[in-house]
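As numbered in the working numbering, residues -15 to 238 make up the sequence shown, in order. Using N, Cα and C, we set each Cβ at its ideal position, and we do this for glycine too. Input: a single structure, listed below in C-alpha cells.
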Amino acid sequence: MSVLAATAARLDRAILTATATHQMPEAEQFDAATGYAVQAQGIELRKARGEQVIGVKMGLTSRAKMAQVGVDEVTWGRLTDTMRREEGGALDRAQFIHPRAEPEIAFILKRRLTGEVSMAEAALAVEALAPAVEIIDSRYENFRFSLGDVVADNSSSAAFFLGPWARPDTDVSNLGIVLSVDGVAREIGSSAAILGHPMRALVAAARMTARAGHVLEPGDIVLAGAATAAVPLAPGMQVEAEMQRLGRLAFSVV
Ligand code: OOG
Ligand code: MG
C-alpha cells in the first residue's frame, strides 16, 4: 500500500474509532497537493460505506482561525450526508476525539459553479444562505497539524448544523456573529472576517475544488469557513450561534 493510501486508511480508522492518530513525521510532510490526494482517497473509503458527498467546507478563511491552528493557507474539504446533524438536536461527544464548534455561513447552490468565477457569478449561483455551525475534530493528536496534514484530514471537518435558510440576496458582508455556550457569549466576530466578504469563500471554493477536478453542483452546500476561533465541546453544553439578519441555531452536547 502506498504512503498516501495508508495515511487515508489510518485517518479513516481514526474517524471510525474516535481515536487520535499521529501527524506525518517532519521528513515525510505532505505538500498541499499530496494532502488533497490523500483526502480524495479517504472520501472514497467513506463512499464505499454508502456516504454521499453533499458539498464542501472551506477552512482557514479568517485570521482568527489561522492564528488558532498555526496554518495560514485557505483549505477545503468534503461534506458528506452523515456529517449533517439536526438543528436543535444533540451531538454525541463519544463519536468524536476532541470536537470544537465554530460559527459559519452556509450557501446552497442552484447552479453549477466551477473554476475562475467572479463574486457576482458566485452570488448568482446561490439559492439560499443560512447560519451554520461546523464541528471540527482533527484526527491528529493534540489538534496539531501542518498544512499537508490538515488537508489530508478533510480539513478537520466532522459534522455540521444548518439554521434557517434566508434569501440569496441577503447582504452578508458584515454581520455580527455570536457563539454562546450555556447562554454566555464565548466568541464574537463579524462575517467580514471571512476573506473580507463570505462570498469570496464561495469564489475560492469554485476555484480550489476545480483544481482537484471536483465540481460544485446545484444542491451542493458550501460552508464559508469560521469567522471566529472554535470552542472545545464537552457533554452538557448548550451551544448557540446567532447571526445578525440570518437568525440562530442551537444544539446540545450529550
Ligand atoms: C482546520 C479547519 C478550519 C475553518 O472554518 O476555518 C476550518 C481546523 O481548524 O482544524 O474549518
Ligand atoms: Mg470550519
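Query: In chain order, which beta strand (DSSP E) runs of at least 3 residues are fully inside the stretch 94 to 135?; Result: 110 to 120
Query: Leaving out five residues before and five after leucine 179 in sequence, what residues of the same chain have Cβ atoms less than 6 Å from its Cβ?; Result: Thr45 and Ala185
Query: Which one of Thr98, Thr18 and Ala(-7) has the shortest CA to CA distance from valine 40?; Result: Thr98
Query: Assuming asparagine 158 and alanine 169 form a contact by the criterion Cβ under 8 Å, report the distance between their Cβ atoms to the nearest whole angstrom.; Result: Asparagine 158 to alanine 169, Cβ: 18 Å. No contact.
Query: Can you name the start and end residues of the alpha helix (DSSP H) that leucine 207 belongs to?; Result: Per DSSP, leucine 207 belongs to no alpha helix (DSSP H); it is in the beta strand (DSSP E), 205 to 207.
Query: If we ignore side chains and look at the alpha-carbon of each, how far apart do methionine 42 and proline 219 end up?; Result: 27 Å
Query: Can you tell me whether proline 83 is buried or exposed? The criterion is at least 16 other CB atoms within 10 Å of its CB, across all chains shown.; Result: buried
Query: According to DSSP, simplified to helix, strand and coil, what is methionine 67?; Result: helix
Query: Could you check what DSSP says for glycine 197 in three-state terms: helix, strand or coil?; Result: coil
Query: Using CA atoms only, rank isn't needed, just tell me which of Gly147, Arg128 and Ala196 is closest to alanine 53.; Result: Per the sequence shown, residue 53 should be read as valine rather than alanine. It is Arg128 whose Cα lies nearest to the Cα of valine 53.
Query: What number of angstroms, rounded off, separates the C-alpha of arginine 29 from the C-alpha of valine 156?; Result: At residue 29 the sequence reads leucine, which differs from the arginine that was named. Going from the Cα of leucine 29 to the Cα of valine 156 covers about 36 Å.
Query: Run through DSSP, which three-state label would glycine 19 get?; Result: helix
Query: Taking just the CA atoms, how far does methionine 67 sit from glycine 60?; Result: Residue 60 is actually tryptophan in this sequence, not glycine. For tryptophan 60 and methionine 67, the distance between alpha carbons rounds to 15 Å.
Query: Given that a residue counts as buried once 16 or more other Cβ atoms are within 10 Å of its Cβ, and exposed if not, what is glutamine 25?; Result: buried
Query: Among the candidates Val37, Ala74 and Thr154, whose CA atom is the shortest distance from the CA of isoleucine 89?; Result: Thr154
Query: Looking only at DSSP bridge pairs, what is proline 152 linked to?; Result: In the DSSP output, where bridge partners are listed per residue, proline 152 has none listed.
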